[in-house]
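Each residue of the sequence shown is one higher than the last, beginning at 9 in the working numbering.
Using N, Cα and C, we set each Cβ at its ideal position, and we do this for glycine too.
Down below is the structure, laid out as structure tokens.
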Amino acid sequence: MSKKKKKEAEDKGALHLDKHDHDLILDESARREMLEHDEVVDDDSDIEDSESESSEEDEDEEGGD
């Protein structure tokens, strides 16, 4: 990294992390991504479940006449 880029980074408050701290941050980021993904999957499956229940009820009503 050039001296100019390092100076810009320092001016913006950048910190130097050792490998252990960097790995901890990456692990936490990955964990949060997985949690967000699980929430999206759960939301989608709830929608699909309610749609399938709704269509089953419609079929029951049509066949009951």
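Query, Result
"Quick check: what's the CA-CA separation for residue 21 versus residue 15?", "10 Å"
"What does the alpha-carbon distance come out to for the pair residue 33 and residue 18?", "20 Å"
"Note down, in chain order, each residue of its chain lying with its Cβ closer than 8 Å to the Cβ of residue 12, except the 5 sequence neighbours on either side.", "none"
"Just reading off the alpha helix (DSSP H) that residue 19 is part of, what are its end residues?", "11-19"
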